[in-house]
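Single-structure report; data block below.
Number of protein chains: 2
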Amino acid sequence: MTERVGFIGLGVMGRPMAQNLIRAGYRMHVCARRPESLEPLVAQGAVACASPAELAAGCDVVCTMVTAGADVEAVVMGKAGIMAGARPGLVVIDHSTIPPATARRVAQTLAARGVDFLDAPVSGGGQGAIDATLSIMVGGHEPVFARAEPLLRRMGKTVLRIGDSGAGQVAKAANQLAIVLALVGLAEAFTLARASGVDPARVLEALRGGAAASRVLEAMGPKMADRDFRPGVEARLHHKDVQIALDCAAAVGLAAPGAAVAAQTFNALMARGGARHDSSAVLTVVEAMRRPQASGSSA
Amino acid sequence: MTERVGFIGLGVMGRPMAQNLIRAGYRMHVCARRPESLEPLVAQGAVACASPAELAAGCDVVCTMVTAGADVEAVVMGKAGIMAGARPGLVVIDHSTIPPATARRVAQTLAARGVDFLDAPVSGGGQGAIDATLSIMVGGHEPVFARAEPLLRRMGKTVLRIGDSGAGQVAKAANQLAIVLALVGLAEAFTLARASGVDPARVLEALRGGAAASRVLEAMGPKMADRDFRPGVEARLHHKDVQIALDCAAAVGLAAPGAAVAAQTFNALMARGGARHDSSAVLTVVEAMRRPQASGSSA
């Protein structure tokens, strides 16, 4: 518990994850582009560092929670990046959702410097991060996982080594593929109900009680029933993730027509300006594929 | 509780539903094409009737749980059907999943004879029927629902009047649309994992712990991970249901590309001879859209 841990990426997910590590007694080091991201953590005793390189130089483990593959590569291999400050024996744990191929490339680059890497994307959303109930899907060498596991268990409830480097990201791609298809299903379901003159709130209640019950329904169904698209999970993130899943499928020679429909639905949502709306706003894309209503229609 | 109740359609769902009504003290009348379907219920005290007409003549409420719209129309309006024996004041409750338009037509036909009708499709599967934890989605007049509700609550935990005649079937179509899209998402997710050399059983465990957790995952995920397609829910039923959802969407002028992909996936499963396999066998359709593997491949 006296390990020195660095955390880079202190957003909706990263901040509560880092706070759970502080609470667990880890000596936290943080670094962020925006000073206001650092403040709550420094107030809890974290050490602010000027760059990922400086942070890495003073830590035994560095966690990253940024957005896309390019962000991870910049933070690790860019100017004043983690690699510039890392000593052999450092463990880098990336919690971002990025392509498995990028994770493998970063792992190989770090391995050449004697630095260990785990891809460790998470599922469970902001609330799961706060409650430390995330599902954490890990790819990498077993001994490195064993060393990191106690730390990961301070942030997640389901902590699983899926396989070698990249396997965590494959599991996350599968996870996101399941979620976005479920979302498209709900968007079409609620629009069908509304277009048929049926109260979506009643349909939500019915779905909750039967075989359609799901965490996606609990999180997104009320937003769809109320047409309230404040995030939540920003649609741009699922847009990125479904593209990762499609790219993975193409890489292994798999057709995925369901994922393709979901990707196009999210493309349409981006085109409509919905990037920072909640992901449940895919409802509006489905609604736009509906016969115009006569004025004064009940639906 | 002294009401005389008839039950027609004593399969995987109907039998346990009727048995729950017997346990609750209703005087049960049954009728089936195959004598072996009657036996367990007669052994519990149910009265066997020769036809739906004879059954209806001796009952205050008749429940039906058959397969498709044509089956409901035959049982209600066919030769020696319910209508042939019904007296004014009878309540017919159909638990089958059929098109809303068919439910409305049956309701209108019965109303002309003074017979009340509720569409009351259910969700929750065979186990939900046994445990009386079904979600029951009801369409029809409020006073008729109020009269039927105590009986419905002996078979289901979530019993909701969704709206007027047909509204229960609209909710069920929405429910099934959500389920089949979730199924396609899981089929693509597990195939992506396998094709990437990742153990689907580990992926299943990770998905269960995060935002992808769902009742569909619990019921179908293990079958997909193990490639064990014994039913469960026979694929021909979801095949029928997704077509109902597509027809409903067309009727209200709604494009539903997600439902279309699911429908095509189930069409392909029917074409492959999977009608009576578990619905999770849609996995095999996705697997067939994958690059052939070199012999001895790990995946």
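Going line by line, the protein sequences match chains X and Y.
So for the first sequence, the numbering used here puts the first residue at -3; every next one is plus one.
So for the second sequence, the numbering used here puts the first residue at -3; every next one is plus one.
Heads up, the beta-carbon is just placed ideally off N, CA and C, and yes, glycines get one too.
None of these values were measured; they are calculated from a predicted model.
Taking the alpha-carbon positions, what's the residue i to residue j distance?
i: X:Pro31; j: X:Val43; result: 13 angstroms
i: Y:Ala20; j: Y:Val1; result: 11 angstroms
i: Y:Val257; j: Y:Gly54; result: 46 angstroms
i: X:Val111; j: X:Ile158; result: 20 angstroms
i: X:Ser294; j: X:Ala125; result: Here X:Ser294 scores only 45 on pLDDT, less than 50, and its place in the model is too uncertain to base an answer on.
i: Y:Val149; j: Y:Gly135; result: This sequence places Arg at residue 149 of chain Y; Val is not what is there. Y:Arg149 and Y:Gly135: Cα-Cα distance of roughly 15 angstroms.
i: Y:Phe3; j: Y:Ala70; result: 15 angstroms
i: Y:Arg286; j: X:Gln172; result: 20 angstroms
i: X:Leu156; j: X:Met133; result: 5 angstroms
i: X:Val212; j: Y:Glu201; result: 17 angstroms
i: X:Ala52; j: Y:Gly121; result: 53 angstroms
i: X:Asp224; j: X:Leu177; result: 20 angstroms
i: X:Ala209; j: X:Gly74; result: 44 angstroms
i: Y:Gly181; j: Y:Leu114; result: 33 angstroms
i: Y:Lys153; j: Y:Pro146; result: 11 angstroms
i: Y:Asp298; j: Y:Ala64; result: No statement about residue 298 of chain Y is possible, as the shown extent of chain Y runs from -3 to 295 and does not include it.
i: X:Arg268; j: X:His235; result: 13 angstroms
i: X:Ala169; j: Y:Gln289; result: 21 angstroms
i: X:Ser33; j: Y:Leu130; result: 47 angstroms
i: X:Val58; j: X:Arg226; result: 32 angstroms
i: Y:Ala46; j: Y:Val8; result: 21 angstroms
i: X:Leu179; j: X:Leu233; result: 14 angstroms
i: Y:Gly217; j: X:Ala246; result: 23 angstroms
i: Y:Glu50; j: Y:Ala128; result: 28 angstroms
i: Y:Lys219; j: Y:Ala284; result: 17 angstroms
i: X:Ser119; j: X:Val229; result: 11 angstroms
i: Y:Ala28; j: Y:Met151; result: 20 angstroms
i: Y:Leu26; j: Y:Ala241; result: Note on identity: in this sequence residue 26 of chain Y is Val, with Leu being the wrong assignment. The alpha-carbon atoms of Y:Val26 and Y:Ala241 are separated by roughly 31 angstroms.
If I measure Cβ to Cβ from residue i and keep anything under 8 angstroms in the same chain, skipping five residues before and after, which residues do I get?
i: X:Ala231; result: Phe262, Leu265, Met266, Gly270, Ala271, Arg272, His273, Asp274, Ser275, Ala277 and Val278
i: Y:Val199; result: Ala185, Phe186, Ala189 and Ala221
i: X:Asp56; result: Glu(-1), Arg0, Val1, Gly85, Leu86 and Val87
i: X:Thr105; result: Val72, Met73 and Met79
i: X:Asp160; result: Gly135, Gly136 and His137
i: Y:Arg204; result: Leu213, Glu214 and Gly217
Would the C-beta of residue i count as close to the ligand GDP, meaning under 8 angstroms from any of its heavy atoms?
i: Y:Arg29; result: The ligand GDP is absent from the structure shown, which contains no ligands of any kind.
Can you give me the Cβ contacts of residue i inside the same chain, cut-off strictly under 7 angstroms, excluding the 5 residues immediately before and after it?
i: Y:Gly292; result: Bear in mind that the predicted position of Y:Gly292 carries a pLDDT of just 45, short of 50, making it unreliable; the figure below should be weighed with that in mind. Taken in chain order, the list of residues that qualify is empty.
i: Y:Val68; result: Thr60, Val62, Asp90, Ser92, Ile94, Thr98 and Val102
i: Y:Ala174; result: none
i: X:Ala197; result: Ala221
i: Y:Gly85; result: Gly110
i: Y:Ala76; result: Ser47, Pro48 and Ala49
i: X:Ala259; result: Val238, Gln239 and Leu242
Buried or exposed: residue i, going by 16 or more other Cβ atoms within 10 Å of its Cβ?
i: X:Asp90; result: buried
i: Y:Val38; result: exposed
i: X:Met(-3); result: Only weak support is given to the placement of X:Met(-3): the predicted model assigns it a pLDDT of 46, under 50, and the value that follows is read from those uncertain coordinates. Label assigned to X:Met(-3): exposed.
i: X:Gly10; result: buried
i: Y:Gly249; result: exposed
i: X:Gln239; result: buried
i: Y:Asp237; result: buried
i: X:Ala185; result: buried
i: X:Ala116; result: buried
i: Y:Gln15; result: buried
i: Y:Ala207; result: buried
i: Y:Ala215; result: buried
i: X:Ala252; result: buried
i: X:Ala66; result: exposed
i: X:Ala107; result: exposed
In chain order, what residues of the same chain have a beta carbon less than 6 angstroms from the beta carbon of residue i, not counting five sequence neighbours either side?
i: X:Val281; result: Thr261, Ala264 and Leu265
i: Y:Gly254; result: Leu177
i: X:Ile18; result: Met24 and Gln40
i: X:Ala183; result: Val278, Leu279 and Val282
i: Y:Ala82; result: Ala52 and Val111
i: X:Pro12; result: Ala125 and Ile126
i: Y:Gly5; result: Thr60, Met61 and Val62
**OP:** Would you be able to state if there are at least three C-beta pairs under 8 angstroms between the region 94 to 108 of chain Y and the region 160 to 170 of chain Y?
**Re:** yes
Original post:
Counting only runs that start and end within the region 128 to 170 of chain X, where is the alpha helix (DSSP H) found for 4 or more residues in a row?
Top reply: 138 to 148
Original post:
Are three or more beta carbon pairs between the region 138 to 149 of chain X and the region 178 to 197 of chain Y nearer than 8 angstroms?
Top reply: no
Subject >> Sequence ranges, beta strand (DSSP E) only - wholly within the region 205 to 277 of chain Y, length at least 3 >> reply: none
**OP:** Could you name the residues of the region 141 to 170 of chain Y whose beta carbon sits closer than 9 angstroms to any beta carbon of chain C, in the order they occur along the chain?
**Re:** In the structure shown, chain C cannot be found, because the protein chains are X and Y.
Original post:
If you scan the region 3 to 43 of chain X from start to end, which runs of the alpha helix (DSSP H) of 4 or more residues do you find wholly inside it?
Top reply: 10 to 19 and 31 to 39
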